[in-house]
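First comes the structure, then the notes that go with it.
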Amino acid sequence: MKHNLFSEGKAEQESLVVLAQEGDRQAFMRLFQGVQQSLYRAACVILQNDQDAYDATQEAALKAFRFLRSLRQPQFFKTWITRILINECRGILREKRKMSYYPDMNNWHINLREAAGAEINVLEAVNHLTFNYRTVVVLRYLDGYSQKEIARILGCPIGTVKSRINLALRKLKEGLVVQDFPEPHSEEGHHAL
Amino acid sequence: MRCRIVRPNLESYLAGELPSLHAVDLQRHLDACPACRKEMEVTRRLVKGLRSSFQDAIPPRSLPLPNLTVQPQRLPWLPKVASITVLGLLLLGLIVAPSIQPYRHETPAALMQTSPIPAHQSQSREASEVINRHGTDWRISIN
Ligand SMILES: [Zn+2]
Numbered sequence: 000m001k002h003n004l005f006s007e008g009k010a011e012q013e014s015l016v017v018l019a020q021e022g023d024r025q026a027f028m029r030l031f032q033g034v035q036q037s038l039y040r041a042a043c044v045i046l047q048n049d050q051d052a053y054d055a056t057q058e059a060a061l062k063a064f065r066f067l068r069s070l071r072q073p074q075f076f077k078t079w080i081t082r083i084l085i086n087e088c089r090g091i092l093r094e095k096r097k098m099s100y101y102p103d104m105n106n107w108h109i110n111l112r113e114a115a116g117a118e119i120n121v122l123e124a125v126n127h128l129t130f131n132y133r134t135v136v137v138l139r140y141l142d143g144y145s146q147k148e149i150a151r152i153l154g155c156p157i158g159t160v161k162s163r164i165n166l167a168l169r170k171l172k173e174g175l176v177v178q179d180f181p182e183p184h185s186e187e188g189h190h191a192l
Numbered sequence: 000m001r002c003r004i005v006r007p008n009l010e011s012y013l014a015g016e017l018p019s020l021h022a023v024d025l026q027r028h029l030d031a032c033p034a035c036r037k038e039m040e041v042t043r044r045l046v047k048g049l050r051s052s053f054q055d056a057i058p059p060r061s062l063p064l065p066n067l068t069v070q071p072q073r074l075p076w077l078p079k080v081a082s083i084t085v086l087g088l089l090l091l092g093l094i095v096a097p098s099i100q101p102y103r104h105e106t107p108a109a110l111m112q113t114s115p116i117p118a119h120q121s122q123s124r125e126a127s128e129v130i131n132r133h134g135t136d137w138r139i140s141i142n
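Residue numbers (numbering that gives the first Met the number 0), protein chains in the order written: chain S, 0 to 192; chain B, 0 to 142.
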């Protein structure tokens, strides 16, 4: 049901990890090709800038190759390298000191607008979320990770992942109330979340 | 099951990540509660909107493969040193513990409370946390 890079040729992927750990660059490249688009797309949404996303993805590849021997369970290669990517994104944002700022409309937004048409409202709402919430939303709905996988990527308990997802969705619902969701609040006095 | 229990579980329910027993309870609640049904519908539409927006918005782009100018690093020596230290501490504990006990032998209850073994165990737990921090994940810790 869930998107999983290693659902096919799992054993082969794991042996590629072992080869790459011994310094086999070809093996690493094959592994990386399997996750590159996913990493880049996630970084695009998190960083809201395609050049930064490209840099983060390249840097994640270098770090992953360099420290691959610290990955003790080859089956977790994708979640492991995604964790490295998220750290890169965090570092880039921290450097630019725009962790909690609403980002400028840059080229990437314009590209998004052209590509997405009416859907842009949802993405703009995502852009308003702060780093932690934007990250769980991206991992959950762009990559389709389970709560357990997200917990592994972020290194936090599943309960934290679940509450971040719920809070992010609540913020998005509030932001999208007018355009997309008529009467989202119950009239019976129930307090959602 | 009450609304305030149901609401935080709606997203997991929609994703099929609730244990089946809870899912049955939740479905029973939804059948009886229009407010939660409405909230679930809003959540379902939002999740669907997010998925399709992400899919449509960022078209795959051909990206050059990275130039791997680095070599894979050998595992750091710290975990080995730390695990040897832990073993040493445990051994030391086993040797020293019997020699401490005679001073506390008056009441068995007092012995249980002040036995030196838990102290050494907690020491080793701390030490193994050090290993974890400096083993698998130390280079990529998030916080
Ligand atoms: Zn209810």
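Backbone N, C-alpha and C define an ideal beta-carbon position, used for all residues, glycine too.
Interface annotation, Pro59 (chain B): in contact with chain S, CB-CB separation under 7 Å. For Tyr144 (chain S), there is no enclosing alpha helix (DSSP H), as DSSP marks it with neither H nor E.
Ala19 (chain S) has its CB no nearer than 6 Å to any heavy atom of ligand 1.
Under a 10 Å Cβ-count criterion, Lys95 (chain S) is classified as exposed, with fewer than 16 other Cβ atoms of the shown protein chains found around its own Cβ. Contact between the stretch 48-57 of chain S and the stretch 66-80 of chain S is not established, with fewer than three Cβ pairs separated by less than 8 Å. DSSP, reduced to helix, strand and coil, places Val17 (chain S) within a helical segment of the structure shown.
Its chain contains Ile149 and Ile164 as the residues whose beta carbon lies nearer than 7 Å to that of Arg139 (chain S), once the 5 sequence neighbours on both sides are disregarded; these appear in chain order. Rounded to the nearest whole angstrom, the C-alpha separation of Tyr144 (chain S) and Gln25 (chain S) is 27 Å.
Interface residue (Cβ-Cβ distance to chain S less than 7 Å): Gln26 (chain B) is not classified as such. The C-alpha of Gln36 (chain S) lies about 41 Å from the C-alpha of Asp30 (chain B).
In summary, Thr78 (chain S) is buried, with 16 or more beta-carbon neighbours lying within 10 Å of its beta-carbon over all protein chains present. For the stretch 58-69 of chain S, the set of residues with a beta-carbon nearer than 8 Å to any beta-carbon of chain B comprises Ala60, Leu61, Lys62, Phe64, Arg65, Phe66, Leu67, Arg68 and Ser69, in chain order. With its beta carbon less than 7 Å from one in chain S, Val69 (chain B) belongs to the interface. A check of alpha carbon separations from Asp23 (chain S) across S:Arg68, S:Gly158, S:Thr134 and S:Ala42 identifies S:Arg68 as the nearest.
The Cβ atoms of Val160 (chain S) and Ser52 (chain B) do not sit closer than 7 Å to each other. Between ligand 1 and Cys88 (chain S), a heavy atom-to-CB distance of less than 6 Å is absent. Residues of the same chain with a CB within less than 7 Å of the CB of Tyr132 (chain S), apart from the 5 flanking positions on each side, are Arg163, Leu166, Ala167 and Lys170 in chain order. Spanning the alpha carbons of Gly8 (chain S) and Ser14 (chain S) requires a straight line of approximately 10 Å. The Cβ of Gln36 (chain S) sits closer than 7 Å to at least one Cβ of chain B. Here DSSP, grouped into helix, strand and coil, assigns Asn66 (chain B) to coil. If you compare the alpha carbons of S:Leu92, S:Gly33 and S:Arg82 with that of Val135 (chain S), the shortest gap goes to S:Arg82.
Taken through DSSP and simplified to helix, strand or coil, Asp23 (chain S) comes out as coil. Listed in chain order, the non-local C-beta contacts of Leu84 (chain S) below 8 Å within the same chain comprise Leu38, Ala41, Ala42, Ala55, Thr56 and Ala59, local neighbours out to five positions each way being set aside. For Ala81 (chain B), no Cβ of chain S is located within less than 7 Å of the residue's own Cβ. Against chain S, the beta carbon of Arg50 (chain B) has neighbours under 7 Å at Tyr140, listed in chain order. If you look at Ile85 (chain S), you'll find it in the alpha helix (DSSP H) that goes Phe76 to Lys95. With 5 Å as the limit, the residues whose C-beta approaches any heavy atom of ligand 1 more closely are B:Cys2, B:Cys32 and B:Cys35, in sequence along the chain.
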